[in-house]
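Visitor: I'd like to ask some things about the structure below.
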Amino acid sequence: MDWNTADLNSWPAKLVTRVGRKLRNNKAFTEETIARNNARDVERRRKREHEYARRNHWDKPRPSHDTGRSSDNSRKSGDDANELGEREYSMFSDGSTLVDRPDHTDMMHRLAHHDSFDSLVDQTVEAHDVKDPYFDSREDAERLRRVSTKHEKLASSLPEDLWQRIAGFLNAADHACLALSSSTLRGRLGAGPFQALNKLENKHHKIAFLQSMDRQLPLHLLCFACGQYHLRMHAGQESLKADYVANPMYICPNVKTTVLPRMRLAPGRQLPYSFVQLGLREQLGQGFGISHESLDRKWTHSSG
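Here it is as structure tokens:
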């Protein structure tokens with residue numbers, strides 16, 4: 007006897023069959039019902055599209071005409087297209103109707119409004135301003151200062167309790183970054199965010215906060231053991247050497263009591279994490295780090 011074969015004459019099978027016939031009626035899968043449901047879905051989507059167009063004021067006629075299509079084609083395609091220029095096709099529709107001539111003029115205008123053409127013009131104007139002997143770069147700084155002053159007033163208009171409430175949802179690193187962003191927020195949040203970074207449980211947040219300052223300190227390197235930046239002794243001239251060669255990159259007061267992070271490459275060869283920092287900092291600009299090609303080495307097996 008096969009225990010895996012279902013017995014259709016058993017009472018559980020008969021119960022499931024009878025309940026299934028009640029819950030799943032075959033009338034719901036007829037062609038008339040499917041066509042009626044499809045028509046109802048199309049009408050629902052059409053109403054939703056018209057409502058969306060009305061809210062965004064797209065139901066008004068555009069003053070310009072489509073230069074990529076003729077007037078006859080536009081009149082013909084406008085009957086079955088919505089305000090977004092989209093059509094609805096069934097799965098059995100002709101595939102040739104899905105192809106339409108693109109409107110290159112409209113595409114170029116859209117690119118101009120998305121900072122594609124304007125950015126090229128701005129770069130050309132900026133290059134011309136640099137060559138102008140009467141160009142004063144302090145005008146841009148003054149304009150930014152006025153904008154910054156406006157934002158400072160907006161930040162100062164909010165009560166201190168609200169800023170404390172906002173800072174309560176941030177971790178220690180983001181809390182300190184918020185307090186350091188402006189003098190107004192520094193006065194609102196006080197010195198508490200910076201004092202919290204010195205706690206032992208916030209060591210990782212302190213490292214994350216300090217790493218965000220790499221762009222402002224090209225001649226310094228972050229020491230994870232001390233939790234502070236040290237001045238690079240040979241900025242731009244660092245090179246990876248063997249373990250038995252004294253190769254300090256900066257003077258650390260805790261060098262004899264801590265172990266700096268490093269990774270073993272081969273017998274007698276290790277990669278200190280400081281070189282990984284320098285390799286990653288190169289993307290910030292020249293002088294921030296060293297090229298990652300300078301860390302390449304060719305290893306020869308002892309067997310030849």
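With the working numbering applied, the sequence shown covers 7 to 310. Beta carbons: idealized from backbone N, C-alpha and C, even for Gly. Predicted, not measured: the structure shown is a model, and the values here were computed from it.
DSSP three-state call for C183: helix, strand or coil?
Guide: Locating residue 183 in the sequence shown gives position 177, where the first residue counts as 1. Three-state DSSP puts C183 in a helix.
Visitor: Could you spell out where the alpha helix (DSSP H) holding H240 opens and where it closes?
Guide: If you number the sequence shown from 1, residue 240 lands on position 234. Premise fails: H240 is in no alpha helix (DSSP H) and is neither H nor E.
Visitor: Report yes if the CB atom of G295 is closer than 8 Å to the CB atom of L286, and no otherwise.
Guide: Within the sequence shown, residue 295 is the residue found at index 289, counting from 1. Within the sequence shown, residue 286 is the residue found at index 280, counting from 1. Yes, the Cβ-Cβ distance between G295 and L286 is below 8 Å.
Visitor: Under 8 Å, do E158 and T190 count as touching if we go by C-beta distance?
Guide: Position 152 of the sequence shown, counted from the first residue, corresponds to residue 158. Position 184 of the sequence shown, counted from the first residue, corresponds to residue 190. For E158 and T190, yes; Cβs fall inside 8 Å.
Visitor: For R275, write down the residues that DSSP places opposite it in a beta bridge.
Guide: Counting from one through the sequence shown, the residue named residue 275 turns up at place 269. Per DSSP, A272.
Visitor: Who are the near neighbours of S300 in its chain, counting only those whose CB is closer than 7 Å to its CB and skipping five residues on each side?
Guide: As a working mapping, residue 300 is identified with position 294 in the sequence shown. Taken in chain order, the residues that qualify are S245.
Visitor: On the DSSP letters alone, give me the boundaries of the beta strand (DSSP E) that H226 sits inside.
Guide: Numbered from 1 along the sequence shown, position 220 holds the residue referred to as residue 226. That run of the beta strand (DSSP E) goes 226 to 229.
Visitor: Is it the case that the region 166 to 186 contacts the region 196 to 214, given that we only count it when at least three CB pairs across the two stretches are under 8 Å?
Guide: Touching, yes.
Visitor: Rounded to whole angstroms, what is the Cα-Cα separation between K212 and A197?
Guide: Looking up residue 212 in the sequence shown gives position 206. Looking up residue 197 in the sequence shown gives position 191. Whole-angstrom Cα-Cα distance: 14 Å.
Visitor: Hey, P254 and M239 are a contact pair by Cβ (cut 8 Å); roughly how many whole angstroms apart?
Guide: Within the sequence shown, the letter at position 248 stands for residue 254. Within the sequence shown, the letter at position 233 stands for residue 239. With 8 Å as the limit, P254 and M239 qualify as a contact, their Cβ atoms being about 6 Å apart.
Visitor: Could you tell me if Y256 is buried or exposed, where buried requires 16 or more neighbouring beta carbons within 10 angstroms of its beta carbon?
Guide: Within the sequence shown, residue 256 is the residue found at index 250, counting from 1. So Y256 counts as buried.
Visitor: Pick out whichever of F215, P224, R192, N204 has its Cα sitting closest to the Cα of S162.
Guide: Taking the sequence shown and counting its residues from 1, the one referred to as residue 162 is at position 156. The shortest C-alpha separation from S162 is found at R192.
Visitor: Here's a check: name, in chain order, each residue in its chain whose Cβ is nearer than 7 Å to the Cβ of A231, leaving out the five neighbours to either side.
Guide: By 1-based counting over the sequence shown, the position of residue 231 is 225. Result list for A231: C258, N260, T264, L266, in chain order.
Visitor: Please state whether the Cβ-Cβ distance between Y250 and R268 is less than 8 Å.
Guide: For the purposes of this step, residue 250 is identified with residue 244 of the sequence shown, where counting begins at 1. For the purposes of this step, residue 268 is identified with residue 262 of the sequence shown, where counting begins at 1. Their beta carbons are not under 8 Å apart, which means Y250 does not touch R268 by this criterion.
Visitor: Determine the closest residue to Q276 out of E288, K262, L290, A248, with distance taken between C-alpha atoms.
Guide: Counted from its first residue, the sequence shown places residue 276 at position 270. Comparing Cα-Cα distances from Q276 to each of E288, K262, L290, A248, the minimum goes to A248.
Visitor: Are the beta-carbon atoms of L216 and L225 separated by less than 8 Å?
Guide: As a working mapping, residue 216 is identified with position 210 in the sequence shown. As a working mapping, residue 225 is identified with position 219 in the sequence shown. It is not a contact, given that the beta carbons lie outside the stated cut-off.
Visitor: When you compare each of I172, W169, Q283 to L223 by their alpha carbons, which one comes out closest?
Guide: Here the question's residue 223 lines up with position 217 in the sequence shown. Nearest option by C-alpha distance: Q283.
Visitor: Taking the CB atoms as reference points, tell me whether A202 and L184 lie closer together than 8 Å.
Guide: Taking the first residue of the sequence shown as 1, we reach residue 202 at position 196. Taking the first residue of the sequence shown as 1, we reach residue 184 at position 178. No. Outside cutoff.
Visitor: Might you give, ordered along the chain, the residues of its own chain that have their beta carbon closer than 6 Å to the beta carbon of Y235, omitting 5 neighbours on each side?
Guide: Within the sequence shown, the letter at position 229 stands for residue 235. L223, H226, L228.
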